[in-house]
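Data first, discussion second: the structure below is written as structure tokens.
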Amino acid sequence: MIRNLLVICVGNICRSPMAECLFRRDLDGVTVTSAGLDALAGHVADPHAVTVCATHGLSLDTHRARQVNAALVSAADLVLTMEAAHKYELVRRYPFASGKVFRLGEFDGFDVPDPYRQPIAQFNDAFDLIERGAESWTSRIKALA
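If you read the sequence shown in this note's numbering, its first letter stands for residue 686, the second for the next number, and so on.
As structure tokens, this is what we get:
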């Protein structure tokens, strides 16, 4: 059973916060958090991410970026990354996490490109991919309940 889900990207101000919102909306009884490999700790979510989420009825108003650490990874039953490179870096830093770290697009073989410092269109594209991956994982997580 998955009780704690951790979502990872680089800065924790764009992709992983958007994914966190989607999973929180869709997974009752699961604690969902996000963090960054090189987080802009304490920063609010990127304004484009806030706008894109708001158009989908999701709020990033209270989000503050945080750095991934061993305690967060250890507490998670499942860790989802935006890119294959993030997955490998996370397991390199925290070898004990091997076996519970996967890409958000694992089943469909895709990465979610980083929209940071890009036009809002890139954020919309990233959101669409995140939503696709989240839907795939949500059905699997619910099946384990």
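A virtual CB, placed ideally from N, CA and C, is assigned to each residue, including glycine.
| Asked | Found |
| --- | --- |
| Under 9 Å between C-beta atoms of L775 and L722 | yes |
| Among K772, F808 and L712, the one whose alpha carbon lies nearest that of T740 | F808 |
| C-beta contact flag for L763 and L691 at 9 Å | yes |
| Exposure label - P702; buried when at least 16 CB within 10 Å | buried |
| Same chain, Cβ closer than 6 Å to S821, five either side skipped, listed in chain order | F792 |
| G727 to N697 span [Cα, whole Å] | 10 Å |
| Those residues which DSSP pairs with Q752 across a bridge | G721 |
| 8 Å contact criterion, which C706 and L757 should meet: CB distance rounded | The Cβ separation is near 18 Å, so there is no contact. |
| Distance, C694 Cα to A769 Cα | 11 Å |
| Pairwise C-alpha distance: V729 and G675 | This structure does not reach residue 675, given that the chain is present from 686 up to 830, and the question cannot be answered. |
| Cα-Cα separation between D810 and A755, rounded to whole angstroms | 31 Å |
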